[in-house]
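First to last, the protein sequences are chains A and B.
When you line the first sequence up against our numbering, it's residues 7 to 379, in that order.
When you line the second sequence up against our numbering, it's residues 7 to 379, in that order.
Heads up, the beta-carbon is just placed ideally off N, CA and C, and yes, glycines get one too.
So the structure is just underneath, and the comments pick up after that.
There are 2 protein chains.
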Amino acid sequence: MKFSINAKDGKARCGTLKTDHGTINTPAFMPVGTQGSIKSIDTDEVKSLGAEIILSNAYHLYLRPGTETLIQMGGLHKFMNWQGPILVDSGGYQVLSLAEKRKVSEEGVRFQSHLDGSYHMFTPEKVIEIQRAIGADFMMPLDELIGWPAEFKDADEAAERTWRWLKRGMSAFRDSDLLYGHEQILPPIVQGSFYEELRKREAERIAELNTPIIAIGGLAVGEEPQQTRDMIDLVTDILPDEKPRYTMGIGLPHDLVDAIALGVDLFDCVVPTRNGRNATLFTSVGRMNIRNAKYVLDEAPVEDGCPCPLCERHTRAYLHHLFRAREILGLKLASAHNLNFYFRIMKMAQEYIQLGDFHSWAKEFSERTQRRI
Amino acid sequence: MKFSINAKDGKARCGTLKTDHGTINTPAFMPVGTQGSIKSIDTDEVKSLGAEIILSNAYHLYLRPGTETLIQMGGLHKFMNWQGPILVDSGGYQVLSLAEKRKVSEEGVRFQSHLDGSYHMFTPEKVIEIQRAIGADFMMPLDELIGWPAEFKDADEAAERTWRWLKRGMSAFRDSDLLYGHEQILPPIVQGSFYEELRKREAERIAELNTPIIAIGGLAVGEEPQQTRDMIDLVTDILPDEKPRYTMGIGLPHDLVDAIALGVDLFDCVVPTRNGRNATLFTSVGRMNIRNAKYVLDEAPVEDGCPCPLCERHTRAYLHHLFRAREILGLKLASAHNLNFYFRIMKMAQEYIQLGDFHSWAKEFSERTQRRI
């Protein structure tokens, strides 16, 4: 893996991240395909929409189809027919949000599958083994997430445990083998809730590990936007400039632009696809709920000039009808539009950073896209 | 509209059906988009899969989005962005199968919407008005369907009423105007249940109307395959050779081939999309249920050499996973495969008719495709 910064504008940067599965132009957004499928969209189309890297999820893939199947099928790239890079989340978040019952101990997390109630144990070592089987280009260590608000003591303990688990994960990573020949990277995750002291401590000791990429976790868990920005700002000030930074699970269009302004390079979020399936369409001039009765006779595309498969072919009135009639095609067209919009945000950010005009664009973009239309 | 027969092999024929929205090569299969959407597949893709004409449904479109919306949006072709011809079913079948309550009288059918319980009346005149608003290239008259088995008296009365309704529909058709400039055709429907006497009577008096195309309805309602074939054979012997014949709602791959052998030119059926969404995949060597555990590690495509977006890109194992994981993409890929297979059946039938070798191919194809693999 090789990261090069091509241009900077304040803390914002654009660059390229080279992997064994191709080059990612940063800032980059990763669409989420938790179960080995970007919901409703095939990998050839997600590529043509603008994806350069996708995200999948160890918790889901471990439960179904399972690591044995993935190994026999030659890994996730081959299984889902995606030739680009893949980042796989460790599943720590899903264990907390989806699993029926869970018990966190120093060893790891014991949980019951949300699918069949069976018992499983994720340890820092186990998630490495799973992600070796998946063949992720970027494989995330097991971390202990903490909600918002959190007591200092709880946040401190979770961050300390995350640190101990990281060391165990890195050790298991070093001691395990590649299954498919391509390079795999293990980015550590900066936790620390919304306590400056904890975030500073974690960012500093993680920076010292000298890993090729660093993630910032535990954000977008219910806090105020200013708190998110403060934590990102603090952490990116500490992390080495030459390493790419990835904020996990962020966010709305203006959240992405805010984070780019603070020096973040890589994003993932379910928002474009999940909100798309719930009839929310993001555009350059604000977001709309296409179920709204005002669109019933609206012959305009969702966004004028948008090059996506929805806007190039269909009216708001037709998409409105598809949602009202509960037609699957509506879910797909809305998801495709939103993903394409997210990829276009990344392209615009790259261009404005290169022009040295990112921050005034970002302010104006952020205001525009938060409107409801 | 202009129909030309290019080749014949026994009763089987292939030809071209020219409409104001383009030429259909016959035998032809119409994918079903009841609500103005072929479920999960956009119109550009349905075209690239091989569709030359699609079917939609007056009952569904009347309830949602409604005829006023369709008129304001310039008709269904424009609304759903499909430039090819469209055949619209009158909704008689949906009133019987979907509506909450219904009362058939000489005037027409009074029913409650399955969506909101509101009351509506479909008369022979009303369905013409609806289909003028939709802008169907082929618009079907209101008929009275009868299930299987049916008493002779009931079948006779339903056929007689269908005939009287047809005359009223034709009168309303002549007295109403085109809304969008392109030609619209009203094919009469031969009913008569499974009584030779009734089918003969209906076929004879409908043949005398000298309409440019004729439909055969009331089939595939639970009867034995031999009964279906007997009725088609009887009716196509009576209908004028030079007019295209359309059997409504047929069928499985071998049913299509059987009907082509008896001189049918046009088909529609929900089977390829509905069964696809239920994990049934049709292939040249039989049908499979992709949920079956034996496919979990199967690296072959659903069908070797199939040019569809599923088989060109994905393994049986991946499709199996998508269905097990309830991923929307699975529904779409299975529907696309099945539709493409249906269109390929039509192409093969056309070729074998031209070669004069249709019937031996049809027999062998029918045996092959009825296997479960």
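Please confirm if residue i has its CB atom under 8 Å from at least one CB of chain B.
i: A:Tyr301; result: no
i: A:Ala323; result: yes
i: A:Lys338; result: yes
i: A:Gln137; result: no
i: A:Lys17; result: no
i: A:Gln89; result: no
i: A:Asp48; result: yes
i: A:His320; result: yes
i: A:Gln78; result: yes
i: A:Gln41; result: yes
i: A:Arg70; result: yes
With a CB to CB cut of under 6 Å and the five nearest residues on each side skipped, what residues in its chain are close to residue i?
i: B:Pro33; result: Ile266, Asp271, Met352, Ala355
i: A:Tyr99; result: Leu151
i: B:Ile44; result: Pro37, Val52
i: A:Ser119; result: Leu69
i: B:Phe179; result: Ile134, Leu192
i: B:Arg283; result: Leu337
i: B:Ser46; result: Leu337, Lys338, Ser341
i: B:Tyr186; result: Gly81, Gly141
i: B:Phe364; result: Asp15, Ala18, Tyr358
Between residue i and the rest of its own chain, which residues show a CB-CB distance below 8 Å, the 5 nearest in sequence each way excluded?
i: B:Tyr201; result: Phe158, Ala161, Asp162
Where do the ends of the alpha helix (DSSP H) carrying residue i lie?
i: B:Ile219; result: Counting along the chain, B:Ile219 falls outside any alpha helix (DSSP H), and DSSP gives it neither H nor E.
i: A:Leu240; result: 231-244
i: B:Asn281; result: 277-283
i: B:Lys84; result: 82-86
i: B:Pro194; result: Neither: B:Pro194 is in no alpha helix (DSSP H) and is coded neither H nor E.
i: B:Lys300; result: First-last for B:Lys300: undefined, no H or E at that position.
i: A:His320; result: Run containing A:His320: none; DSSP gives neither H nor E here.
i: B:Ile2; result: With chain B covering only 7 through 379, there is no way to say anything about residue 2 of chain B.
Reducing DSSP to helix, strand and coil, say where residue i ends up.
i: A:Gly21; result: strand
i: B:Val52; result: helix
i: B:Phe35; result: strand
i: A:Asn346; result: helix
i: A:Asn63; result: strand
i: A:His126; result: strand
i: A:Thr29; result: strand
i: A:Asp261; result: helix
i: A:Asp162; result: helix
i: B:Gln310; result: One point to set straight first is that residue 310 of chain B is Asp, not Gln, in the sequence displayed. Of the three classes helix, strand and coil, the one that applies to B:Asp310 here is coil, per DSSP.
i: A:Asp274; result: strand
i: A:Pro155; result: coil
i: A:His365; result: helix
i: B:Val227; result: coil
i: A:Asp247; result: coil
i: A:Arg180; result: helix
i: B:Leu121; result: coil
i: A:Gln137; result: helix
Which residues share a DSSP beta bridge with residue i?
i: A:Gly292; result: A:Thr289
i: A:Val94; result: A:Ser62, A:Met145
i: A:Arg377; result: Paired residues: none, contrary to the question.
i: A:Ile47; result: A:Ile44
Starting from residue i, trace the beta strand (DSSP E) both ways and give me its first and last residue.
i: B:Phe117; result: 115-118
i: B:Val270; result: First-last for B:Val270: undefined, no H or E at that position.
i: B:Arg251; result: 251-253
i: B:Ala13; result: 8-15
i: A:Arg108; result: 108-110
What does a CB cutoff of less than 7 Å around residue i pick up in its chain, not counting 5 residues either side in sequence?
i: B:Ala64; result: Val94, Asp95, Ser96, Gly97, Val133, Ile136, Gln137, Ile140
i: A:Gln197; result: Asp149, Ala164, Ala165, Thr168, Glu208, Gly223, Gly224
i: A:Asp264; result: Arg235, Ser372
i: B:Lys17; result: Thr242, Ala267, Leu268, Gly269
i: A:Leu172; result: Pro147, Pro194
i: B:Ile256; result: Leu225, Ala226, Leu262, Ala265, Phe273, Cys275
i: A:Thr73; result: Ile136, Ala139
Between residue i and chain A, is there a C-beta pair that is closer than 8 Å?
i: B:Thr242; result: no
i: B:Phe329; result: no
i: B:Met86; result: yes
i: B:Glu229; result: no
i: B:Leu335; result: yes
i: B:Lys45; result: yes
i: B:Thr75; result: yes
Under the criterion of a Cβ to heavy atom distance below 7 Å, does residue i qualify as lining the ligand ZN?
i: A:Gly39; result: With respect to the ligand ZN, the structure shown offers nothing to examine, as it has no ligands at all.
Could you run through the stretch 304-317 of chain B and flag, in chain order, every residue whose CB is less than 8 Å away from some CB of chain D? In summary, chain D is missing from the structure at hand, where the protein chains are A and B.
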